[in-house]
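Novice: Residue numbers (the numbering used here): 4 to 534.
Backbone N, C-alpha and C define an ideal beta-carbon position, used for all residues, glycine too.
All figures in this text were calculated on a predicted structure; none of them were measured in a lab.
(1) For residue 239 and residue 415, I'd like the C-alpha separation in whole angstroms.
(2) From 453, 55 and 6, pick the residue whose C-alpha is nearest to that of residue 295; which is it?
(3) With 16 as the cutoff for other CB atoms within 10 Å, does residue 134 come out buried or exposed?
(4) Which residues in the same chain have their Cβ closer than 8 angstroms to the Cβ of residue 31, if we skip the five residues on either side of it in sequence?
(5) Rounded to whole angstroms, what's the CA-CA distance from residue 354 to residue 405? Just pull it up for me.
(6) Would you check if the stretch 327-344 and the stretch 513-526 touch, i.e. whether three or more CB-CB distances between them fall below 8 angstroms?
(7) When DSSP labels each residue in this structure, what does residue 307 get in the three-state scheme?
(8) In terms of residue numbering, what span does the beta strand (DSSP E) encompassing residue 33 cover?
(9) In three-state terms, what does DSSP make of residue 452?
(10) Can you round the beta-carbon distance between residue 62 and residue 82 to whole angstroms, since I take them to be within the 8 angstroms contact cut?
(11) Please report the residue range of the beta strand (DSSP E) in which residue 281 lies.
(12) Run through the DSSP bridge pairs and tell me what residue 519 is partnered with.
(13) Quick check on DSSP: helix, strand or coil for residue 511?
(14) So, residue 463 versus residue 408, is the Cβ gap smaller than 7 angstroms?
(15) Here's the rule: buried if 16 or more other CB atoms are within 10 angstroms of the residue's CB, otherwise exposed. What is residue 443?
(16) Would you report the Cα separation of residue 138 and residue 245, rounded to the nearest angstrom?
(17) So residue 286 packs on residue 261, CB below 8 angstroms; how close in whole Å?
(18) What is the DSSP secondary structure of residue 87, counted as helix, strand or coil?
(19) Check for me: the alpha helix (DSSP H) holding residue 19 runs from which residue to which?
(20) Is it the case that the stretch 30-44 contacts the stretch 259-278, given that we only count it when at least three CB pairs across the two stretches are under 8 angstroms?
(21) Taking C-alpha atoms, which residue in 395, 418 and 346 lies nearest to residue 367?
(22) By DSSP, does residue 419 sit in helix, in strand, or in coil?
(23) Go through the stretch 220-253 residue by residue and report every complete run of the beta strand (DSSP E) that reaches 3 residues or more, in order.
(24) On the DSSP letters alone, give me the boundaries of the beta strand (DSSP E) that residue 428 sits inside.
(25) From residue 361 to residue 330, what does the alpha carbon distance come to, in whole angstroms?
(26) Ignore the nearest five residues each way along the sequence and tell me which others in residue 216's own chain have a CB closer than 6 angstroms to its CB.
(27) What did DSSP end up calling residue 180 once you bin it into helix, strand or coil?
(28) For residue 316 and residue 487, what's the separation of their Cα atoms in angstroms?
(29) Using 8 angstroms as the cut-off, can you tell me whether the stretch 465-479 makes contact with the stretch 434-449, which would need three or more C-beta pairs spanning the two stretches below that distance?
(30) Less than 7 angstroms separating the beta-carbons of residue 99 and residue 299?
(31) So, are the CB atoms of residue 412 and residue 451 less than 7 angstroms apart?
(32) Answer with yes or no whether the minimum CB distance from residue 527 to chain C is below 7 angstroms.
(33) Looking only at C-alpha atoms, which of 105, 201, 252 and 526 sits nearest to residue 150?
(34) Expressed to the nearest angstrom, what Euclidean distance is found between the alpha-carbon atoms of residue 377 and residue 288?
(35) Tell me whether residue 136 is buried or exposed, calling it buried when 16 or more other Cβ atoms sit within 10 Å of its Cβ.
(36) For residue 255 and residue 26, what's the separation of their Cα atoms in angstroms?
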């Protein structure tokens with residue numbers, strides 16, 4: 004029987020035809036995604052679900068999806084898919100991360116022109132029969148400094164286009180290396196430097212805990228008077244209330260926004276302010292981009308349903324069915340190792356060195372490499388996956404090296420990951436025991452035996468009495484339950500580390516209280532995708 008796919012959002016009919024040409028039984032119901040009850044009623048008979056942003060793939064929908072094997076999003080954002088629930092259900096979640104990069108970058112450039120020359124207001128005035136030529140005095144882009152926050156795929160294209168406009172480009176991106184910046188023709192700077200120098204600021208980062216309100220009131224106050232701000236990335240990156248006040252005071256000369264903290268944005272503090280250009284999340288809204296992502300989704304889903312090939316999966320590596328049986332725990336380990344060093348590293352990564360020892364050295368190292376790299380890169384870009392991670396790393400000039408060797412120690416096999424920055428190297432090693440659970444076995448050269456939990460707290464300190472008591476007391480006083488803990492040290496009185504397994508993520512107050520004790524050299528909360 005042919006696989007059956009439901010298209011529940013508005014997708015190109017060319018994509019629907021691809022399904023049919025590949026022998027897939029497809030139902031095209033472009034408005035069904037808006038009706039969650041009807042979708043839950045019908046989803047049970049489908050093997051695949053092709054969506055855009057209107058369909059919400061919730062645990063309720065997944066619970067009713069008895070035969071569902073794959074959900075594919077035409078576009079990059081998968082906020083409308085509960086990926087944890089999908090993973091537990093055994094449903095692969097795919098996206099199309101590269102289909103709308105040019106379109107979104109071009110929209111940012113268009114918005115920059117619009118706010119520089121006040122085009123929307125001038126157009127509305129002229130349509131109204133006015134001829135207010137002297138009212139709309141603009142500024143040139145040539146010779147101005149553009150500050151790009153996030154120089155990844157889309158931000159990199161914006162940098163290239165801006166240089167073509169003879170702008171000076173400065174970029175802030177913790178994962179942008181100096182060599183890559185030189186190759187792009189941009190100057191790599193810290194955020195404060197960018198805020199101080201930029202005439203225009205454009206945002207091209209995902210919304211994460213690290214980037215939320217990156218243009219906070221405090222940071223907006225650091226910008227030069229007359230700056231113009233463009234956001235075609237994600238709502239929530241800017242303190243909209245602070246921006247509105249600074250537009251009204253004249254400190255910010257203009258803003259162009261395609262995204263808002265709350266969408267659909269029917270009301271917003273920025274609406275109807277002078278020289279504020281607003282569009283309804285049109286970054287990917289061109290016929291070319293819509294066609295590209297739709298065709299990619301149809302091809303990816305067809306490949307998986309017909310041959311088992313996995314492409315651009317967010318919750319599953321690109322491996323064959325046979326490999327997955329053996330490699331599953333090792334793939335989990337590779338991601339955890341990458342996530343550990345990624346969360347521990349605040350500087351730009353220059354190189355990632357991966358050592359495979361023993362039986363793991365005979366496995367699909369390409370897939371394992373992708374797991375490590377994706378784990379590292381997810382801190383800066385949660386949308387990265389095992390397919391796109393090596394591409395992102397290459398674009399950012401990160402050198403990847405792999406070494407495999409015969410069994411050399413007590414373990415049948417292990418993986419060691421070392422991240423190199425301009426300031427330091429960080430390493431962590433892990434293995435998979437006979438119970439199938441990944442474990443950390445070495446951190447900073449210190450031997451440990453640590454299972455991996457969803458929420459953990461990592462500390463370093465001098466090996467002195469009282470550390471365990473201090474950790475336990477501080478956690479207890481702040482209502483944090485410790486499920487377990489692992490300790491290790493380099494030598495008596497030397498450097499020591501602790502890994503605490505805790506029930507939930509600790510807040511800044513807990514970290515502050517631990518720092519006040521003066522007993523810890525570093526404290527880092529860690530999060531891992533543990534199913």
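Specialist: If we stick to the structure as given:
(1) 47 angstroms
(2) 55
(3) exposed
(4) 10, 14, 16 and 19
(5) 11 angstroms
(6) no
(7) helix
(8) Taken as a continuous stretch (DSSP letters only), residue 33 belongs to no beta strand (DSSP E), as it is neither H nor E.
(9) strand
(10) Residue 62 to residue 82, Cβ: 15 angstroms. No contact.
(11) 279-281
(12) Note: residue 519 sits in no beta bridge, so no partner.
(13) helix
(14) no
(15) buried
(16) 26 angstroms
(17) 5 angstroms
(18) helix
(19) 16-24
(20) no
(21) 418
(22) strand
(23) 230-234
(24) 428-435
(25) 14 angstroms
(26) 242
(27) coil
(28) 33 angstroms
(29) no
(30) yes
(31) no
(32) Here there is only one protein chain, and chain C is not present.
(33) 201
(34) 28 angstroms
(35) exposed
(36) 56 angstroms
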